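Numbering (this note's numbering), first residue to last: 622 to 736. First comes the structure, then the notes that go with it.
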Amino acid sequence: MREALIPLLQLSDSPRIVNVSSSGGLKNVSNEWATAILSDAENLTQEKVDEILSQYLKDYKEGSLETKGWPAYFSACTLSKAAMNAYTRILAKKYSGFCINCVCPGFVKTDRYKL
Numbered sequence: 622m623r624e625a626l627i628p629l630l631q632l633s634d635s636p637r638i639v640n641v642s643s644s645g646g647l648k649n650v651s652n653e654w655a656t657a658i659l660s661d662a663e664n665l666t667q668e669k670v671d672e673i674l675s676q677y678l679k680d681y682k683e684g685s686l687e688t689k690g691w692p693a694y695f696s697a698c699t700l701s702k703a704a705m706n707a708y709t710r711i712l713a714k715k716y717s718g719f720c721i722n723c724v725c726p727g728f729v730k731t732d733r734y735k736l
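Structure representation (structure tokens):
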């Protein structure tokens, strides 16, 4: 969807994209291969992020998340936030005239985190 809106944003004097993310993304990804790729901001590409997500889905379907080094708890949420953060960096590099950021709202009380 963001890619579809890029032409409209390019018409703006101050185009901005803000993704709502989490600080728990990359630091909670225990798969060393994925962490190495997602941490390498200079060489990060959308194809590399897609490859990581495809491997995660394959490992999920095989029931081998923990043995392959993926997070044991909330793995889909953790990986999706790490991927969003990576994608945000890719967009920011590609569209240097835009202001593109991720924000973390902090703890949000939801059904997932019942106190």
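Note that beta-carbon positions come from the ideal geometry of N, C-alpha and C, so glycine has one too. As the structure is a computational prediction, the values presented were derived from the model and not from experiment.
Rounding to the nearest angstrom, what Cα-Cα distance links residue 701 and residue 634 in this structure?
Translated into the one-based positions of the sequence shown, residue 701 becomes position 80. Translated into the one-based positions of the sequence shown, residue 634 becomes position 13. Spanning the two alpha carbons is a distance of roughly 31 Å.
If residue 638 sits next to residue 711, beta carbons under 8 Å apart, how far is it from one beta carbon to the other, in whole angstroms?
The sequence position of residue 638 within the sequence shown is 17, counting from 1. The sequence position of residue 711 within the sequence shown is 90, counting from 1. Residue 638 to residue 711, Cβ: 12 Å. No contact.
So, does the CB of residue 699 fall closer than 7 Å to a CB anywhere in chain C?
Absent here is chain C; the protein component of the structure consists of one chain.
Below 8 Å CB to CB, which residues in the same chain sit around residue 667 once its five sequence neighbours on both sides are set aside?
Taking the sequence shown and counting its residues from 1, the one referred to as residue 667 is at position 46. So the list reads 708, 711, once near-sequence residues are dropped.
Measuring only the C-alpha atoms, how far is residue 652 from residue 693?
Numbered from 1 along the sequence shown, position 31 holds the residue referred to as residue 652. Numbered from 1 along the sequence shown, position 72 holds the residue referred to as residue 693. When rounded, the distance between both Cα atoms is 11 Å.
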